[in-house]
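Peer 1:
2 protein chains.
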Amino acid sequence: MARQTEQRRKSVFDKALVVAKDIAMAEGQSGLTARRIAKDAGCSVGTLYNVFGNLDTLILYLNGATLDRLNEALAQAPTSKDPEIAVRNLTERYLQFTTENANLWYVLFEHVWPRDYVMPAWYPERINRLLGVLARAMAPLFPSGAEQECLQAAAVLWSSLHGIHSLAASGKMGLISSESASAMTEVLIQNFVAGLSQRMTAQNPT
Amino acid sequence: MARQTEQRRKSVFDKALVVAKDIAMAEGQSGLTARRIAKDAGCSVGTLYNVFGNLDTLILYLNGATLDRLNEALAQAPTSKDPEIAVRNLTERYLQFTTENANLWYVLFEHVWPRDYVMPAWYPERINRLLGVLARAMAPLFPSGAEQECLQAAAVLWSSLHGIHSLAASGKMGLISSESASAMTEVLIQNFVAGLSQRMTAQNPT
DNA sequence: GCCAAATTTGAACGACGTTCAATAATAATA
DNA sequence: TATTATTATTGAACGTCGTTCAAATTTGGC
Numbered sequence: 000m001a002r003q004t005e006q007r008r009k010s011v012f013d014k015a016l017v018v019a020k021d022i023a024m025a026e027g028q029s030g031l032t033a034r035r036i037a038k039d040a041g042c043s044v045g046t047l048y049n050v051f052g053n054l055d056t057l058i059l060y061l062n063g064a065t066l067d068r069l070n071e072a073l074a075q076a077p078t079s080k081d082p083e084i085a086v087r088n089l090t091e092r093y094l095q096f097t098t099e100n101a102n103l104w105y106v107l108f109e110h111v112w113p114r115d116y117v118m119p120a121w122y123p124e125r126i127n128r129l130l131g132v133l134a135r136a137m138a139p140l141f142p143s144g145a146e147q148e149c150l151q152a153a154a155v156l157w158s159s160l161h162g163i164h165s166l167a168a169s170g171k172m173g174l175i176s177s178e179s180a181s182a183m184t185e186v187l188i189q190n191f192v193a194g195l196s197q198r199m200t201a202q203n204p205t
Numbered sequence: 000m001a002r003q004t005e006q007r008r009k010s011v012f013d014k015a016l017v018v019a020k021d022i023a024m025a026e027g028q029s030g031l032t033a034r035r036i037a038k039d040a041g042c043s044v045g046t047l048y049n050v051f052g053n054l055d056t057l058i059l060y061l062n063g064a065t066l067d068r069l070n071e072a073l074a075q076a077p078t079s080k081d082p083e084i085a086v087r088n089l090t091e092r093y094l095q096f097t098t099e100n101a102n103l104w105y106v107l108f109e110h111v112w113p114r115d116y117v118m119p120a121w122y123p124e125r126i127n128r129l130l131g132v133l134a135r136a137m138a139p140l141f142p143s144g145a146e147q148e149c150l151q152a153a154a155v156l157w158s159s160l161h162g163i164h165s166l167a168a169s170g171k172m173g174l175i176s177s178e179s180a181s182a183m184t185e186v187l188i189q190n191f192v193a194g195l196s197q198r199m200t201a202q203n204p205t
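For the record, the sequence lines run as chains A and B.
Counting along the first sequence from 1, when you hit position 169 you're at 168 in numbering that gives the first Met the number 0, and nothing is skipped either side.
Counting along the second sequence from 1, when you hit position 202 you're at 201 in numbering that gives the first Met the number 0, and nothing is skipped either side.
(1) Since residue 28 of chain A meets chain B, which of its residues come closer than 9 angstroms, beta carbon to beta carbon?
(2) Count the other CB atoms, across all protein chains shown, that sit within 10 Å of the CB of residue 53 of chain A; report buried if there are 16 or more and exposed otherwise.
(3) Does residue 191 of chain A get closer than 7 angstroms to chain B when you measure Cβ to Cβ?
(4) Could you tell me if residue 40 of chain A is buried or exposed, where buried requires 16 or more neighbouring beta carbons within 10 angstroms of its beta carbon?
(5) Taking only three categories from DSSP, how would you classify residue 114 of chain B?
(6) In whole angstroms, what is the alpha-carbon distance linking residue 27 of chain B and residue 19 of chain B?
(7) Can you look up residue 95 of chain B in the DSSP assignment and give me helix, strand or coil?
(8) Are the stretch 161-168 of chain A and the stretch 160-169 of chain B touching by the rule of at least three beta carbon pairs closer than 8 angstroms?
(9) Compare the C-beta of residue 126 of chain B against all C-beta atoms of chain A and say whether one is closer than 7 angstroms.
(10) Let me see if you follow: with CB-CB separation under 7 angstroms, is residue 147 of chain B close to chain A or not?
(11) Is there contact between the stretch 179-196 of chain A and the stretch 81-96 of chain A, where contact requires at least three CB pairs shorter than 8 angstroms?
(12) With distance defined between alpha-carbon atoms, name the residue in B:141, B:98 and B:146 nearest to residue 200 of chain B.
(13) Measuring alpha carbon to alpha carbon, tell me which of B:74, B:66, B:100 and B:32 ends up nearest residue 168 of chain B.
(14) Examine the Cβ distances between the stretch 87-97 of chain B and the stretch 141-152 of chain B and report whether three or more of them are shorter than 8 angstroms.
(15) From residue 182 of chain A to residue 56 of chain A, what does the alpha carbon distance come to, in whole angstroms?
(16) Taking only beta carbons into account, state which residues of the stretch 140-166 of chain A come closer than 9 angstroms to chain B, listed in chain order.
(17) Under 9 angstroms between beta-carbons, which chain B residues line up against residue 197 of chain A? List them in chain order, please.
(18) Let me know the secondary structure DSSP gives residue 12 of chain B once reduced to three states.
(19) Could you work out which residues of chain A lie near residue 187 of chain B, taking near to mean beta carbons separated by less than 7 angstroms?
(20) Taking only three categories from DSSP, how would you classify residue 42 of chain B?
(21) Taking the alpha carbon of residue 4 of chain B as the point to measure from, which residue in B:46, B:114, B:134 and B:64 has its own alpha carbon closest?
(22) Mind pulling the alpha helix (DSSP H) runs of 4 or more residues that sit fully within the stretch 122-174 of chain A?
(23) Please work out which residues of its chain come closer than 8 angstroms, Cβ to Cβ, to residue 149 of chain A, disregarding the five sequence neighbours upstream and downstream, and give them in chain order.
(24) Give the range of the alpha helix (DSSP H) segment to which residue 181 of chain B is assigned.
(25) Report the three-state DSSP secondary structure of residue 219 of chain B (helix, strand or coil).
Structural data, given as structure tokens:
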């Protein structure tokens, strides 16, 4: 029966993702080996490959789950009509999440995909969902009809946040300490939002 | 004689870095293996380890050379008293460099260091040298005595640029295409600089 | 209970970073 | 120059990695 096959596949799928998450949180990227995950999940490497095809795809699903959890965390951020406050509320949650889930975040953004790996469509869509949350918070900074510009600005802010936090976390920024990531985020938001609102008022002078 | 020893070490050192650069440019991160570099450099893996200690250190020196070359490229950017123009000139050179040296840039920022790897002091110093170039271009946006704030703002802008370009290059930003990195950079600079100058004029009203 | 189909298994493969006893080359001494 | 002491180089070997696949096991239908 195909039904039972499906059920067993799903149980292996779920179990593998659970133990992969546990391993990643406890030991980081380096612990995420096929043999280790199979052992902790109570199956053989062959079964893992039967379900996921390869280790990269397993990590892809792990990242998908991480993105979902971030989305939930951001959904609980208080809203505000003031874009600067709304954006700051979001970035505070974002920073909190990446701090509390540092190793998972590391896997999410530092994992190197094979050059020819094709991402399933749902993966970039989940990232765009996050961009959408940020764009909604920034919407008051843009005139109606400028949804594209708003989305682009959200992408800029999102990428910038990522740059600050990843460089700070990995110590690749020189003397700038990792503790200053929060302060740097604040500088970014203040000035970027100020620039946007100035542009807005210049176009629609009161 | 220690002299001759030193000379041979240096010749292996230099040759290894040259072939490592060639390999990285042609094939990217994945081609940078100890056996491959040794083969191309005309020595054995043992000699490579005798000189560099480990492969991470070899890559560290490769990255150092890349940073030096970027520094030279930025030094040739035209200066301007207008901070926005000066910053844009720098970021254009930066984008040009990372595009022309995409694989080297990838190695520079995506290489995962062992958790306990200790960077030599000269490495973060080279990154700070780049931050200094950016900070000098932004200096007119800050009152005298605010050098620390200026440096921090430079670090924010630098990190943001890195976030935009790395996410765009690796396709980790969702639907945002890699071709839009340049446009996103422009959005970032315009609004960030506008925010900074607004802050400046608010403190020193004319 | 038996057979056919599907699933699970883990030994095996090639490649990786790294090590180190053996070899070769060099410097010092007689 | 011949011999010894020191140093550098070598590459086979170790353990681990992702991945494969023939064989063993389990499953579902009769």
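Built from N, CA and C at the ideal position, the CB exists for glycine as well.
Peer 2: Quick answer:
(1) Those are 111, listed as they occur along chain B.
(2) exposed
(3) Under the Cβ distance rule, residue 191 of chain A counts among the residues neighbouring chain B, one pair being separated by less than 7 angstroms.
(4) buried
(5) coil
(6) 10 angstroms
(7) helix
(8) The answer is yes - the stretch 160-169 of chain B touches the stretch 161-168 of chain A, with three or more Cβ pairs under 8 angstroms.
(9) yes
(10) no
(11) yes
(12) B:141
(13) B:100
(14) no
(15) 36 angstroms
(16) From the stretch 140-166 of chain A, only 148, 150, 151, 152, 154, 155, 156, 157, 158, 159, 160, 161, 162, 163, 164, 165 and 166 have a Cβ closer than 9 angstroms to chain B.
(17) 190, 193, 194 and 197
(18) In the structure shown, residue 12 of chain B adopts helical secondary structure according to DSSP, grouped into three states.
(19) Ordered by position in chain A, the residues that pass the 7 angstroms Cβ test against residue 187 of chain B are 155 and 159.
(20) coil
(21) When C-alpha distances from residue 4 of chain B are compared across B:46, B:114, B:134 and B:64, the shortest belongs to B:46.
(22) 146-169
(23) Correct list, in chain order: 134, 137, 138, 140 and 141.
(24) Here the alpha helix (DSSP H) through residue 181 of chain B covers 180-202.
(25) The question about residue 219 of chain B has no answer here: the residues shown for chain B are numbered 0 through 205.
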